[in-house]
Every structure is written in structure tokens, then in C-alpha cells.
Amino acid sequence: MNISKNSRAEMAGIFFILPNLITFTVFVIFPAISGFYLAFTDYSMLRTQSNFIGLENFKTIFSDFSSSSFLRSMLRTFVFTAIFVPVSFFFSLFLSVITTSETVKGKNFLRTLFYWPWILSPVIVALSWKWFLDIDAGFLNIMLEKIGMQPKRWLLEPNLAFFWVTVVNIWYVAGYFMVMFNAALTSIPQEVYDAASIDGANKWQRFWSITFPLLRPTSILVLVLSMIMAIRSFELVYVFTKGGPGNTTMFMVQKVYEVGFQDYKLGLAAAMSVVMFFVLLGLTLIQFRYMRQEE
Amino acid sequence: MKKTFFVVLLINIVLIFSAFVVGKDITFATFIDGPDLPVFQKQVAAYEKETGKDVELLVIPYADWKMKMIMMLQGGTPPDVARETDVVYLQDYALDLNPFIKQYTGMEPMEWLDTVTVYKSWFKTYSLEAGMIPAIPYTTDVFALFYNKELFRKAGIEVPTNGVWTIDQWYDAMLKLKQSGVRYPLVWDRSPSRFSWLLYTYGGGYWDETGTKIILDSKESVEAMEFFLKIHDENLVPQAVWISGDAPLKYFQNGLSAMYLSGTWMLPTFVEQLDFEWGAIPMPVKRERYTYSGGKLIVPLTEEGIELAFYLTNKENLAEISSALFLLPDRADMTEVTYENKMVQEANVVAMNDLLNTSPAAKKRQDFDWYNLKTAPVIQGNVSAITNMVVSVLTHEKTPEEAMKNLADQIRKEAGLQ
Numbered sequence: 011m012n013i014s015k016n017s018r019a020e021m022a023g024i025f026f027i028l029p030n031l032i033t034f035t036v037f038v039i040f041p042a043i044s045g046f047y048l049a050f051t052d053y054s055m056l057r058t059q060s061n062f063i064g065l066e067n068f069k070t071i072f073s074d075f076s077s078s079s080f081l082r083s084m085l086r087t088f089v090f091t092a093i094f095v096p097v098s099f100f101f102s103l104f105l106s107v108i109t110t111s112e113t114v115k116g117k118n119f120l121r122t123l124f125y126w127p128w129i130l131s132p133v134i135v136a137l138s139w140k141w142f143l144d145i146d147a148g149f150l151n152i153m154l155e156k157i158g159m160q161p162k163r164w165l166l167e168p169n170l171a172f173f174w175v176t177v178v179n180i181w182y183v184a185g186y187f188m189v190m191f192n193a194a195l196t197s198i199p200q201e202v203y204d205a206a207s208i209d210g211a212n213k214w215q216r217f218w219s220i221t222f223p224l225l226r227p228t229s230i231l232v233l234v235l236s237m238i239m240a241i242r243s244f245e246l247v248y249v250f251t252k253g254g255p256g257n258t259t260m261f262m263v264q265k266v267y268e269v270g271f272q273d274y275k276l277g278l279a280a281a282m283s284v285v286m287f288f289v290l291l292g293l294t295l296i297q298f299r300y301m302r303q304e305e
Numbered sequence: 158m159k160k161t162f163f164v165v166l167l168i169n170i171v172l173i174f175s176a177f178v179v180g181k182d183i184t185f186a187t188f189i190d191g192p193d194l195p196v197f198q199k200q201v202a203a204y205e206k207e208t209g210k211d212v213e214l215l216v217i218p219y220a221d222w223k224m225k226m227i228m229m230l231q232g233g234t235p236p237d238v239a240r241e242t243d244v245v246y247l248q249d250y251a252l253d254l255n256p257f258i259k260q261y262t263g264m265e266p267m268e269w270l271d272t273v274t275v276y277k278s279w280f281k282t283y284s285l286e287a288g289m290i291p292a293i294p295y296t297t298d299v300f301a302l303f304y305n306k307e308l309f310r311k312a313g314i315e316v317p318t319n320g321v322w323t324i325d326q327w328y329d330a331m332l333k334l335k336q337s338g339v340r341y342p343l344v345w346d347r348s349p350s351r352f353s354w355l356l357y358t359y360g361g362g363y364w365d366e367t368g369t370k371i372i373l374d375s376k377e378s379v380e381a382m383e384f385f386l387k388i389h390d391e392n393l394v395p396q397a398v399w400i401s402g403d404a405p406l407k408y409f410q411n412g413l414s415a416m417y418l419s420g421t422w423m424l425p426t427f428v429e430q431l432d433f434e435w436g437a438i439p440m441p442v443k444r445e446r447y448t449y450s451g452g453k454l455i456v457p458l459t460e461e462g463i464e465l466a467f468y469l470t471n472k473e474n475l476a477e478i479s480s481a482l483f484l485l486p487d488r489a490d491m492t493e494v495t496y497e498n499k500m501v502q503e504a505n506v507v508a509m510n511d512l513l514n515t516s517p518a519a520k521k522r523q524d525f526d527w528y529n530l531k532t533a534p535v536i537q538g539n540v541s542a543i544t545n546m547v548v549s550v551l552t553h554e555k556t557p558e559e560a561m562k563n564l565a566d567q568i569r570k571e572a573g574l575q
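Chains as they are written, first to last, in my numbering: chain A, 11 to 305; chain B, 158 to 575.
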């Protein structure tokens with residue numbers, strides 16, 4: 011049988027992607043489809059039998075608005091995302107401007123310092139900050155006591171705990187996005203700035219009229235990535251506050267984990283994941299539509 | 158060069174797959190409490206030498222234990238033997254050991270059951286109701302209220318030696334400790350079952366003594382919760398443990414807390430890590446004297462594992478593991494237990510006394526809540542809801558009545574009582 015050169019090339023391509031395709035199908039596609047099915051059952055890991063219950067799980071989700079409910083955790087996640095995304099964007103851009111500025115000394119050291127949190131495990135980051143903010147033996151409260159101030163319940167007051175969860179998450183990711191901005195900033199040709207200087211533009215004008223627009227592709231990437239990170243927040247927050255005090259720092263993913271792997275109600279947890287999927291899909295479609303309109 | 162590369166690649170693939178193909182004869186899965194690992198390794202090695210079989214000791218962290226076990230069971234690849242704390246969820250997978258008891262122990266099944274359920278009366282009830290014997294009781298541990306003797310001496314407090322404190326006397330002791338400069342008189346494990354102790358001593362619980370009614374929102378249960386809230390509000394107990402999931406041991410270990418409500422499974426950790434004199438106080442009493450007894454069982458999940466299961470639970474091996482972990486062996490002919498370590502021995506005597514004097518009614522409620530085939534699953538499936546309920550009260554999001562009524566109604570609905 012004569013196989014043409016093109017067909018052979020095609021077959022070779024298929025064989026090269028086949029292992030990845032099989033792995034992807036077995037470990038991503040199949041579980042996702044199973045998850046969709048489980049969402050309509052009362053499957054509990056404590057029992058071997060499960061029954062099809064239609065939309066009961068979704069009714070349970072949408073009829074519970076208590077502080078420990080999935081809906082409230084979803085709302086909390088959106089509030090967190092609404093703060094996390096812009097603050098981490100501008101903060102990492104600020105760090106990038108500092109670490110690429112010609113007038114700043116010790117740029118390499120600063121770059122390493124700002125990037126350092128990102129290379130640590132989120133568990134280490136969470137534990138370190140937890141100890142730092144501990145009400146009894148935390149460094150911050152010890153310093154406050156030394157200067158005659160009352161120690162604060164940093165992680166026991168809901169608003170303070172939420173504040174610190176946001177701050178620590180931003181601190182953790184800023185270095186990562188800073189590196190992306192660095193790559194983009196250093197690729198902007200110097201001639202563009204020289205031309206603007208000749209035309210009389212000052213530093214701020216050069217930044218807003220040249221730098222910021224030229225950073226657009228990287229900015230979009232940073233915004234999308236930071237939104238995904240915020241919505242998927244789990245391990246750092248779980249180790250840091252366990253979703254407390256009360257449930258004030260419990261986000262969506264932790265709620266799904268709690269229902270699925272602590273209460274073993276996998277059917278209900280799967281239903282929550284389905285809701286999460288459609289919410290994320292909606293947000294992503296809105297974002298892509300916005301990006302296309304801008305183009 | 159290409160040829161060499163492919164030969165090396167092929168060898169690697171064969172080696173990797175051989176690790177899956179050339180398996181051990183028997184898998185024994187367990188979590189580790191500390192000094193038990195070397196004991197298990199020694200006993201497994203002795204078994205291998207005696208029988209010529211290969212045993213894989215599969216150690217799984219306790220935090221992942223139940224999930225990992227469920228996944229293995231539902232995936233059809235259970236370990237041959239497992240050391241367990243709970244058999245309720247294993248009901249559909251466990252073997253009936255009835256036909257094997259005489260062969261491996263020389264005793265008739267009922268005689269054997271009486272011998273091994275000296276501390277686990279629930280297991281006998283469970284086996285009779287289920288019509289099968291799904292596991293071998295192994296060791297028993299007991300809730301205990303540990304205390305720092307040095308801090309108590311400094312506060313001038315004497316612990317009861319010929320009786321027990323009432324809850325009010327215990328509260329007074331906490332106030333005295335606070336006045337003497339102790340940061341937190343008491344630290345309490347963040348666990349629904351540890352919290353449940355308070356419900357039981359107040360005369361409350363989740364299921365009643367008949368296992369037919371939910372009593373979480375009864376007057377007695379609410380009163381217990383109010384006490385729990387009070388000692389947190391007055392800063393007698395660190396709020397960070399229940400509200401934010403802070404680790405309780407560090408408070409006791411660092412002298413920030415004078416008392417620690419936990420259990421005898423902590424004894425090996427205390428011996429290893431505490432650098433002060435400590436002891437145990439009899440569990441305080443409100444309406445019913447009560448201490449929670451739990452522990453471990455050895456569960457063979459395949460026929461290949463039955464022999465190893467009985468081997469691990471023979472008198473000699475049982476004595477060895479109990480001694481290493483300072484636990485009570487589950488045998489009526491091994492109840493006389495003494496330990497060389499003076500503090501461990503004292504704590505053990507106090508815990509045994511609590512156990513022997515536990516109110517039968519409270520014990521019945523405990524068994525229906527955590528061990529009964531029909532009633533326990535609904536409580537076990539609401540473990541995080543129970544924790545959330547307690548936290549919602551401690552953060553003043555809900556009143557005790559409100560929080561407990563909500564959860565009680567939810568449990569009633571899931572149990573089909575509404």
C-alpha cells in the first residue's frame with residue numbers, strides 16, 4: 011500500500027499528540043462528564059448506591075443563602091476577585107516599573123526580592139503569615155505591645171481576616187506578574203520614548219500614552235490570569251484561615267472541597283462545580299467579547 | 158546513538174511497568190500515630206518470615222485516610238488489611254469473619270466477641286444487628302482532660318483525686334488560672350466528637366438513647382453550647398482554634414494553656430515533646446458522667462488479608478502495639494495495663510476510671526451518633542456542618558438555639574424524620 015508523504019506526515023502528527031490526547035481524555039474530559047452526571051445524583055462516598063434525583067442538588071444550592079452556603083461563598087469569591095484583580099495588576103506593574111527603571115539602584119536584587127514569594131509553596135506562605143499575625147505570639151502583635159498598643163485580632167475579626175487574605179494573595183502573585191510586565195516593558199523600543207521626549211512629553215505622559223498602551227497584550231494576559239487565580243483560590247486561604255473566622259474567608263473552591271471531601275456528599279459537590287463552571291464560562295465569554303470589541 | 162537511546166528507553170519502560178506488575182502478596186494500610194511505625198514494621202517482618210509472604214506496609218496520612226480508603230474501595234483495589242477507626246462506611250466492603258474466628262483464635266465467635274468488645278460494646282451491637290463480624294477490635298483510646306501541673310501549682314489549684322469536678326467547679330478553676338496569669342486556662346480540640354463530649358455530659362447529643370429522635374436542639378444540648386460560648390467569650394479558651402482552625406497542641410505545649418481537652422492518643426506525643434510535668438483530670442460532670450471511648454480496629458478487606466489481621470491482633474502483638482502507643486488493648490484478658498512512665502500511668506488510671514464510670518445512657522447516645530449502622534452515617538455526613546454550627550455560634554452570627562435548631566432540622570430531613 012502506498013501511503014503518500016502528506017498522509018505519513020499527518021499520521022506522524024497524530025501519533026505525536028495521541029499520548030497527550032489520551033491522557034487529557036482520561037483525566038480531564040471523562041471526569042468532567044462524570045461530574046456533570048454526578049451533579050444529578052445523591053451520590054455519597056459513605057454509601058455504595060446512589061440515585062438519580064434530578065435537580066434536587068441545584069434546588070438545595072439555590073435555596074440556601076446562609077453564611078456557610080455555596081452562594082455566599084460564591085459572592086465572597088467575586089468580591090475578592092473584584093479587589094484582587096485590579097490591585098494585583100497595578101501593584102505588579104508598579105513593581106515592574108521600579109525594577110526596569112534606569113534610575114533605581116540594585117534592580118537585580120529588587121527583582122529577586124519581589125519574585126521570591128512566588129517560588130515558595132503556598133502552604134509555606136500561608137503558615138508564615140499565619141504565624142506573623144498570630145494573636146498571641148505573632149511578630150506583629152509583639153511589636154504592637156512593645157510600642158504600647160493593644161494586640162489586634164488580625165485573623166479573628168472578619169473584616170481584618172478578609173483584608174489579610176487579600177493582601178497575602180496579592181503579595182504572593184505580584185512577583186509573578188511583575189516578571190511578565192518586565193519582559194513587555196523591556197521590549198518597548200527606546201526610540202519611541204526618545205521621540206516622545208523630543209516632542210516634550212514628561213514622565214507621566216510617556217507612561218500613559220506610550221508604555222501603558224503598548225503593554226496591552228501583557229495586561230490582558232495578566233488580567234485573565236489573575237481572575238482565574240482569584241476564582242480558583244484555595245490552598246493558600248485554606249491553610250491561612252481555613253475559611254474563617256466563621257466562613258468569612260471561605261471561597262467557592264473550599265466550599266466544594268468541604269462538601270465533597272469532608273462530608274462526602276459528592277453529588278452535591280459536583281452540582282456546585284457545575285454552577286461554578288457556568289459562572290466561569292459566562293465571565294470568560296464576557297471577557298473575550300470585550301477584548302474582541304476593543305480590537 | 159539512536160539505537161542506544163531506544164534501548165535505554167525500552168529498559169526504563171520495562172522497569173517502570175515491572176513495578177506495577179511485580180506486586181506484593183498482601184497490602185496492609187495504616188495511618189501512623191508516632192511510635193507505631195517501627196512496631197508495625199517489626200510485626201510485618203516477623204509475619205513475612207513465618208509465612209513466606211510479602212507484605213507491603215502502606216502508610217497514609219490520617220488527614221487523607223478516609224478519602225483514600227473510599228477511593229481504593231470504590232476503585233476495586235482495597236488494601237488487604239486496614240487499621241481503621243470506623244467500620245460504618247466499610248459495611249458494604251468488609252468480610253464476615255465469623256467462619257474464621259475459631260480457626261485463628263480457638264474461641265467460638267460469641268465468646269471471642271465478648272472478649273474483644275470489653276471497651277467497644279457498640280461493636281458487639283453492630284455485629285449482631287448486621288449479622289456479621291466485619292472487623293477485629295484492636296485498641297481503645299479515651300478522651301482526657303490533660304493539665305499542666307506547674308501552672309496549677311502556681312495558681313494554687315488542687316485537682317480532684319477522689320471524685321470529679323462539676324462543670325461549675327471546672328469553670329471556677331479556669332477563672333482562678335486566668336487570674337494567676339495563664340493566658341488561656343483551657344484549649345479544646347477542634348473536632349465535632351470532642352465538642353460532643355460536652356453535649357453528652359449535659360444530657361444532650363445528636364440522637365437520643367433509642368436512636369429514633371434528634372435531640373441536638375434540646376434544652377440540654379443548647380445549655381451545653383451556651384457554656385461553650387461563654388468560656389470562649391470570656392477568653393478562657395483561645396478562639397483561634399475553633400474559629401480559624403489553629404492547632405491546639407501548641408497552646409498546651411508552650412504553656413499558653415493550662416488544660417487541654419483531647420485524648421489518650423496524645424500520650425506518645427506528650428512523652429516525646431512536653432518539657433513540663435503534666436497529668437490528667439477526671440472529666441468534669443454536669444448531669445451525666447461521661448467520657449468518649451473510640452479507638453482502632455483491624456479490618457481485613459480481602460480473604461488474603463484475614464490471616465495477617467488475626468496475626469496483628471494476637472495477644473503478643475497486641476500487647477506490643479498497645480504498650481508503644483499507651484493505648485488499651487481490646488481484650489478482656491488484657492485489661493491490667495501498667496506503664497513505666499509515671500505521668501502516662503497516672504493519666505491512664507484517670508482515663509480508665511472515667512471509662513468505667515461512664516453513664517450508660519450517654520454511651521448509648523454516643524454509639525447511635527458515631528457507630529450505629531443506621532444512625533451514624535447521617536451524623537458522619539454532617540461533620541463539617543457541625544463544625545460550622547459551632548463556629549457560627551462562637552462568632553455570634555447565630556444564637557445557640559438558632560444554630561442548633563437549624564442543624565437539627567437539617568439532620569432530621571436527611572434522616573427522613575421530617
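Virtual Cβ for every residue (Gly too), placed ideally from N, Cα, C.
- Distance between B/Asp526 and B/Val456, taken at the CA atoms: about 21 Å.
- Leaving aside the five residues that flank B/Ile388 on each side, the residues in its chain whose CB is nearer than 8 Å to its CB run, in chain order, Tyr328, Met331, Leu343, Val394.
- Beta-bridge pairing by DSSP links B/Thr296 to B/Lys453, B/Pro486.
- Between A/Ala281 and A/Gly270 a beta carbon distance of about 10 Å is seen, past the 8 Å cut, so the two are scored as non-contacting.
- With respect to the 8 Å criterion, B/Gln523 and B/Tyr357 are classified as neighbours on the basis of their beta carbons.
- At a beta-carbon threshold of 8 Å, the residues of chain B lying near A/Gln272 are Val540, Ser541, ordered along the chain.
- Shortest Cα-Cα distance from A/Trp126 to any of A/Pro255, A/Ile238, A/Gly185, A/Glu20 involves A/Gly185.
- Three or more pairs of CB atoms, one per stretch, sit closer than 8 Å, so the segment 339–355 of chain B contacts the segment 394–414 of chain B.
- Judged by beta-carbon spacing, A/Val95 lies beyond the 8 Å limit of A/Leu293, meaning their Cβ atoms are not closer than that value.
- Within chain B, the residues Ala397 have their CB atoms less than 7 Å from the CB of A/Ile145, given in chain order.
- Listed along the chain, the chain B residues whose CB falls inside 7 Å of the CB of A/Met55 are Ile227.
- Each residue's CA atom was taken as its position, placing B/Phe280 and B/Phe303 some 28 Å apart.
- A distance below 8 Å separates the beta carbons of B/Val548 and B/Ile400.
- Excluding its 5 nearest sequence neighbours in each direction, B/Leu254 has C-beta neighbours in its own chain below 6 Å: Ile290, listed in chain order.
- Not flagged as an interface residue toward chain A: B/Asn392, since no C-beta distance is shorter than 8 Å.
- Contact between B/Val245 and B/Leu530 holds, since their C-beta atoms are separated by about 6 Å, short of 8 Å.
- Residues of the same chain with a CB within less than 7 Å of the CB of A/Leu290, apart from the 5 flanking positions on each side, are Ile241 in chain order.
- In the DSSP annotation of this structure, B/Phe185 is not part of any alpha helix (DSSP H); the continuous beta strand (DSSP E) holding it starts and ends at 183–187.
- Of the other Cβ atoms in all chains shown, fewer than 16 fall within 10 Å of the Cβ of B/Lys206; this residue is therefore exposed.
- B/Gly573 is outside the set of residues whose beta carbon lies under 8 Å from a beta carbon in chain A.
- According to DSSP, B/Val344 shares a beta bridge with B/Tyr417.
- When CB distances to chain B are screened at a threshold of 7 Å, the residues of the segment 240–254 of chain A falling below it are Thr251, Lys252, Gly254, in chain order.
- Across the segment 152–165 of chain A, CB contacts with chain B closer than 7 Å involve Leu165, in sequence order along the chain.
- Excluding five sequence positions before and after B/Thr272, the CB atoms of its chain that fall closer than 8 Å to its own CB belong to Met264, Arg488, Ala489, Asp490, given in chain order.
- Pairing A/Phe46 with B/Phe309, the inter-Cα distance amounts to about 58 Å.
- Contact note: A/Thr58 reaches chain B through Asp249, using a C-beta cutoff of 7 Å and chain order.
- Runs of the alpha helix (DSSP H) spanning 4 or more residues and lying entirely within the segment 290–334 of chain B occur at 306–312, in chain order.
- Against A/Lys275, the close residues of chain B are Gly538, in the order they occur along the chain (beta-carbon pairs closer than 8 Å).
- Each residue's CA atom was taken as its position, placing B/Thr492 and A/Leu56 some 33 Å apart.
- Around the Cβ of A/Ser197, a 10 Å sphere holds fewer than 16 other Cβ atoms; the residue is exposed.
- Under the Cβ criterion of 8 Å, A/Ser78 is counted among the residues facing chain B.
- A/Ala171 places its beta carbon less than 8 Å from that of A/Pro255.
- Contact annotation for B/Tyr246 against chain A: Met55, Leu56, Arg57, Tyr274 [CB-CB distance below 9 Å, chain order].
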